[in-house]
Amino acid sequence: MSDLQLSPQGRLRHLLTLEGLGRAHIERLLDRADELRTRFRGGARALDLLEGRTIVNLFFESSTRTRTSFELAARRLGALVVNFDIASSSTTKGETLEDTLATLEAMDSDAFVVRHKENGTPARLALHARRASVLNAGDGNHAHPTQGLLDLLTIRDHKPRIEGLTVAICGDIRHSRVARSDVHGLAAMGAKEIRLCGPAALLPEADSFPGCTLVDDLDAAIEDVDVIIMLRIQKERIDGLPGFDGAEYFQRYGLHRARLARARSDAIVMHPGPMNRGIEIASDLADGPQSVVLEQVANGIFVRMAVLLELLHKQA
Amino acid sequence: MSDLQLSPQGRLRHLLTLEGLGRAHIERLLDRADELRTRFRGGARALDLLEGRTIVNLFFESSTRTRTSFELAARRLGALVVNFDIASSSTTKGETLEDTLATLEAMDSDAFVVRHKENGTPARLALHARRASVLNAGDGNHAHPTQGLLDLLTIRDHKPRIEGLTVAICGDIRHSRVARSDVHGLAAMGAKEIRLCGPAALLPEADSFPGCTLVDDLDAAIEDVDVIIMLRIQKERIDGLPGFDGAEYFQRYGLHRARLARARSDAIVMHPGPMNRGIEIASDLADGPQSVVLEQVANGIFVRMAVLLELLHKQA
Amino acid sequence: MSDLQLSPQGRLRHLLTLEGLGRAHIERLLDRADELRTRFRGGARALDLLEGRTIVNLFFESSTRTRTSFELAARRLGALVVNFDIASSSTTKGETLEDTLATLEAMDSDAFVVRHKENGTPARLALHARRASVLNAGDGNHAHPTQGLLDLLTIRDHKPRIEGLTVAICGDIRHSRVARSDVHGLAAMGAKEIRLCGPAALLPEADSFPGCTLVDDLDAAIEDVDVIIMLRIQKERIDGLPGFDGAEYFQRYGLHRARLARARSDAIVMHPGPMNRGIEIASDLADGPQSVVLEQVANGIFVRMAVLLELLHKQA
Numbered sequence: 004m005s006d007l008q009l010s011p012q013g014r015l016r017h018l019l020t021l022e023g024l025g026r027a028h029i030e031r032l033l034d035r036a037d038e039l040r041t042r043f044r045g046g047a048r049a050l051d052l053l054e055g056r057t058i059v060n061l062f063f064e065s066s067t068r069t070r071t072s073f074e075l076a077a078r079r080l081g082a083l084v085v086n087f088d089i090a091s092s093s094t095t096k097g098e099t100l101e102d103t104l105a106t107l108e109a110m111d112s113d114a115f116v117v118r119h120k121e122n123g124t125p126a127r128l129a130l131h132a133r134r135a136s137v138l139n140a141g142d143g144n145h146a147h148p149t150q151g152l153l154d155l156l157t158i159r160d161h162k163p164r165i166e167g168l169t170v171a172i173c174g175d176i177r178h179s180r181v182a183r184s185d186v187h188g189l190a191a192m193g194a195k196e197i198r199l200c201g202p203a204a205l206l207p208e209a210d211s212f213p214g215c216t217l218v219d220d221l222d223a224a225i226e227d228v229d230v231i232i233m234l235r236i237q238k239e240r241i242d243g244l245p246g247f248d249g250a251e252y253f254q255r256y257g258l259h260r261a262r263l264a265r266a267r268s269d270a271i272v273m274h275p276g277p278m279n280r281g282i283e284i285a286s287d288l289a290d291g292p293q294s295v296v297l298e299q300v301a302n303g304i305f306v307r308m309a310v311l312l313e314l315l316h317k318q319a
Numbered sequence: 004m005s006d007l008q009l010s011p012q013g014r015l016r017h018l019l020t021l022e023g024l025g026r027a028h029i030e031r032l033l034d035r036a037d038e039l040r041t042r043f044r045g046g047a048r049a050l051d052l053l054e055g056r057t058i059v060n061l062f063f064e065s066s067t068r069t070r071t072s073f074e075l076a077a078r079r080l081g082a083l084v085v086n087f088d089i090a091s092s093s094t095t096k097g098e099t100l101e102d103t104l105a106t107l108e109a110m111d112s113d114a115f116v117v118r119h120k121e122n123g124t125p126a127r128l129a130l131h132a133r134r135a136s137v138l139n140a141g142d143g144n145h146a147h148p149t150q151g152l153l154d155l156l157t158i159r160d161h162k163p164r165i166e167g168l169t170v171a172i173c174g175d176i177r178h179s180r181v182a183r184s185d186v187h188g189l190a191a192m193g194a195k196e197i198r199l200c201g202p203a204a205l206l207p208e209a210d211s212f213p214g215c216t217l218v219d220d221l222d223a224a225i226e227d228v229d230v231i232i233m234l235r236i237q238k239e240r241i242d243g244l245p246g247f248d249g250a251e252y253f254q255r256y257g258l259h260r261a262r263l264a265r266a267r268s269d270a271i272v273m274h275p276g277p278m279n280r281g282i283e284i285a286s287d288l289a290d291g292p293q294s295v296v297l298e299q300v301a302n303g304i305f306v307r308m309a310v311l312l313e314l315l316h317k318q319a
Numbered sequence: 004m005s006d007l008q009l010s011p012q013g014r015l016r017h018l019l020t021l022e023g024l025g026r027a028h029i030e031r032l033l034d035r036a037d038e039l040r041t042r043f044r045g046g047a048r049a050l051d052l053l054e055g056r057t058i059v060n061l062f063f064e065s066s067t068r069t070r071t072s073f074e075l076a077a078r079r080l081g082a083l084v085v086n087f088d089i090a091s092s093s094t095t096k097g098e099t100l101e102d103t104l105a106t107l108e109a110m111d112s113d114a115f116v117v118r119h120k121e122n123g124t125p126a127r128l129a130l131h132a133r134r135a136s137v138l139n140a141g142d143g144n145h146a147h148p149t150q151g152l153l154d155l156l157t158i159r160d161h162k163p164r165i166e167g168l169t170v171a172i173c174g175d176i177r178h179s180r181v182a183r184s185d186v187h188g189l190a191a192m193g194a195k196e197i198r199l200c201g202p203a204a205l206l207p208e209a210d211s212f213p214g215c216t217l218v219d220d221l222d223a224a225i226e227d228v229d230v231i232i233m234l235r236i237q238k239e240r241i242d243g244l245p246g247f248d249g250a251e252y253f254q255r256y257g258l259h260r261a262r263l264a265r266a267r268s269d270a271i272v273m274h275p276g277p278m279n280r281g282i283e284i285a286s287d288l289a290d291g292p293q294s295v296v297l298e299q300v301a302n303g304i305f306v307r308m309a310v311l312l313e314l315l316h317k318q319a
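Chains as they are written, first to last, in the numbering used here: chain H, 4 to 319; chain P, 4 to 319; chain X, 4 to 319.
Structural data, given as structure tokens:
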């Protein structure tokens, strides 16, 4: 997939995964995001770097949060954004997904932002695209590369360097594309240790996260870490589990003040959102001084701008 | 709520209700709307006063008419508008409304246009907002302040002054946020008498409209008035009422030619739309010379522009 | 309807049908589309010819493909586009369609792009419009004029002239607005012969396509033609037919390599999309060298731009 997303010159043709992206490449993207953030915080309200470019949001799973972030990133760079409503689209009229893509590409679309519940759909579309770029906005439990990048940018904002850090990722690791992209990004940046923690049923296969440490006990997982990433318990998935009890989950796998005290005193608390307060995270911590949850959201815009510029801006 | 929506300098921070807005403030907004109307009617097609500002439409009740009016007002001033699709949003994934707002605000949104079936939701969000403004686009039966303003502008277009006018508001007063905002606006502007008329079951509690006269008989209510505001019978609410009969309602509470003759000969007929022709208003009156229904719609755009400018335009 | 859509000077006021549009008028539109295509292919990314104009998409039937094409055409010319969500609109609250139109027109909308399952709805709205233009984006089985125009442009791109060509249109002719608009356009441009082919149950009434030849056998219909237009079998309609068998349909009425060999060697293969591969068209032909399906899609944007400019651009 790394080959598919990189040009021979090592430039992004698509963004499908962080796996295989080198540290220098990731740093270049983060620096670009940082620079854009400086321009917008300094008063810029809109740039025209992508003026006249057309970007299509193809969300087969609903996610207004991520879609809005991509939409704002693109429009603040001057691009024209179309939200393609899947529920009423031709794919429900028997058209193949490849034909839908080819049709939209024939309308001179420059990029597709794709979310799909099946692993590999963005890669499949990237293989089929003639000229347009595909950005993976989350596929199954495979990857969510812009979430990985925004998490790295947020960590970098708070720590002198990512190299050497100890990070705990907690919750439903098994089904999480966020965890996978975070791990790929953290590994590339040289994090020292990544601990994965969650109930046995939600831990991944032994070999699917090479180099990570699986920990069943959250207290142990948090001990002396620099960064804690709490994952969302997906109620829509868990509610079906007989015997799931939110209070009991919080007791064993939720982050609260006493537990957080085990981490380094300057540890930051992250969450990709949307949060279930009182289930995976105590409400006071979500709003507390160590929480960087809203910074993650803000950084998402700039990281997506940086990726769009590398993919689409010819002079970039 | 007046305190919540006004800055110490008496400038709007949010727009939640017309209650407590002074006459001078309302007149300033109407003058601004009038001036914008003149510019657009004179040939302006788009201004850039809000260029680069981001406005999010958060409609928890569907209302394409009001949403479109806000959207056009904002975009014709150069703002970037995002329609946040509530049905597929994170609030259905267990996220609190406050967290949804905080997330969107972290994406550098400048204003939220909120419609919600529960009274007070916009105020609740305004309390929670860090920097962004909240515009109430209708909450429960509490308030619909921009409707109140556009009604005032329309009346002012046809009458030398609002002070001293007699106004009848007819229909489902009890459930109407439009009636409440109209009454607050008319009272502030010095209307002489406001008569509320409707079936007993749809009249408000005695003390909820201080200073107004409750009238059960429509013929009496209309006698010599300057302005008649007919409210929409909400079929979705009424259809559930056993024994509701549209023809019978029209007979007793609908506006038709013979009845209109009781008003002043220069009385204007208003309706917030959408109209049920033949139920609350005769079709010929809806299209007749005294009807200003479409002027209300047109004025809605300019009033919303004026409010957005006061809230968001730093040089305004 | 011709009278309704043309001004006394012969300029389009609305676009409802190709019926009655003269050859010179059609050629002017195609030339304009061609010229716009040249500008955009030459590097133009966005023009401002319709800056500040407001265009409302009113799709009562879902069709993301056509809606997106109209939206991109309008926005790349600088217009402001509003997608009016019918499902949540006032028409479901008892408002008449005419009142919805009048309301949106009062908001200074310049044009309405209308799709509706009932024949004549766009014409009905055009009659009611005060100032705005109505573009028919497909009504029942009556007309789809921009599809007709884009098909003509695509044919003209591949043939020295349309005059004298032999064209076969195959599939569900009876229910097809595309077939009707293609026939009107081809006849105006002087095509020599138009053959209509499909199962007896899907052929039209004898007199509804004057001047065309009805052919039951596809092999015969294709013999020596210059252009083949395959229509979509609407699964949502056909699935209800007891005994419909996709493989059997393909055998008798699908286009495949052996059958295509009966046409002229330089024949082009067209399809309005979305395609059912393996039912009306073999997958290899859909992607083959004679297929111009994606060119049709691309041309759709430029044809719609040309129509919008004639309708809305005052200096055009």
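For glycine and all other residues, C-beta sits at the position ideal for the given N, C-alpha and C. Quantities reported herein were computed from a predicted structural model and do not represent experimental measurements.
- Non-local C-beta neighbours of GLY141(P) in its own chain, meaning closer than 6 Å and more than five positions away in sequence, comprise ARG118, HIS147 and ARG180, ordered along the chain.
- The beta carbon of ARG265(X) is closer than 7 Å to those of ASP222, ILE225 and GLU226 in its chain, skipping five residues each way along the sequence.
- For GLU313(X), the uninterrupted alpha helix (DSSP H) run begins and ends at 296–315, by DSSP.
- Separation of the CB atoms of ALA135(H) and ALA114(H) is rounded to 6 Å, and the pair is thereby assigned contact status at 8 Å.
- Look at the beta carbons and you see the segment 308–317 of chain H not touching the segment 261–280 of chain H: under three pairs across the two are nearer than 8 Å.
- Within the same chain, and ignoring the five residues on either side of VAL84(X) in sequence, the residues whose Cβ sits closer than 6 Å to its Cβ are ILE58, GLU74, ALA77 and ARG78.
- The C-beta distance from ALA109(X) to ALA301(P) rounds to 5 Å, short enough to meet the 8 Å contact threshold.
- ASP142(P) is bridged by DSSP to HIS119(P) and ALA146(P).
- Straight through space, the alpha carbons of ALA126(H) and LEU33(X) are spaced by roughly 38 Å.
- For GLY81(P), no CB of chain H lies under 7 Å from its own CB, so it is not counted at the interface with that chain.
- VAL230(X) places its beta carbon 7 Å or farther from that of VAL295(X).
- Taking one beta carbon from each stretch, the segment 9–23 of chain X and the segment 5–20 of chain P have fewer than 3 pairs nearer than 8 Å; the two do not touch.
- Contact annotation for ALA109(X) against chain P: LEU297, GLU298, VAL300 and ALA301 [CB-CB distance below 8 Å, chain order].
- Nearest in C-alpha terms to ARG56(H), of all of THR69(H), VAL137(H), LEU80(H) and MET192(H), is LEU80(H).
- Between the alpha carbons of ILE89(X) and ASN122(X) lies a distance of about 18 Å.
- Looking only at VAL306(H), GLY151(H) and LEU52(H), the smallest Cα-Cα distance to GLY188(H) is reached by GLY151(H).
- Taking 4 residues as the shortest admissible run, the segment 169–205 of chain X contains the following complete alpha helix (DSSP H) segments, listed from N- to C-terminal end: 180–191.
- Put simply, the backbone Cα of ARG235(H) is about 19 Å away from that of ILE158(H).
- One thing to note: GLU98(P) has its Cβ within 7 Å of the Cβ of PRO277(H).
- Secondary structure of ALA132(H) (DSSP, three-state): coil.
- Using a CB distance below 9 Å, the part of the segment 261–284 of chain X facing chain H consists of GLY276, PRO277, MET278, ASN279, ARG280 and ILE282, ordered along the chain.
- Taken through DSSP and simplified to helix, strand or coil, ILE284(P) comes out as strand.
- Contact residues of the segment 47–69 of chain P toward chain H are GLU54, GLY55, ARG56, THR57 and VAL59 (C-beta to C-beta distance below 9 Å).
- Nearest to ARG177(P) by C-alpha distance, out of PRO202(P), ALA194(P) and GLU196(P), is PRO202(P).
- Taking 7 Å as the cut-off, the Cβ atoms of ARG307(H) and THR149(H) count as close.
- Using a Cβ-Cβ cut-off of 7 Å, VAL85(P) counts as an interface residue toward chain H, since at least one Cβ of chain H sits closer than that to its own.
- The alpha-carbon of ASN60(H) is positioned some 44 Å away from that of PRO213(X).
- Of ASP51(H), ASP248(H), ARG42(H) and ARG262(H), the smallest CA-CA separation from ASP287(H) is found for ARG262(H).
- Between the beta-carbon of ALA194(P) and that of ILE165(P) there is about 6 Å, and that keeps the pair under the 8 Å contact cut.
- The beta carbon of LEU156(H) sits closer than 8 Å to the beta carbons of LEU33, ALA36, ASP37, ASN302, PHE305 and VAL306 from its chain, once the five residues preceding and following it are set aside; these are given in chain order.
- The Cβ atoms of ARG70(P) and PHE63(P) lie no closer than 7 Å to each other.
- Residue state for ILE165(P) is assigned as coil, using DSSP reduced to three classes.
- Taking C-beta separations shorter than 6 Å and ignoring five residues to either side along the sequence, the partners of HIS145(H) in its chain run ASN122 and ARG180, following chain order.
- Taking a Cβ-Cβ threshold of 9 Å, the residues of chain X close to LEU75(P) are THR57, LEU83, VAL85, MET110, ASP111 and SER112, in chain order.
- Contact annotation, ASP154(H) with GLU298(H): C-beta distance approximately 10 Å; criterion of less than 8 Å not satisfied.
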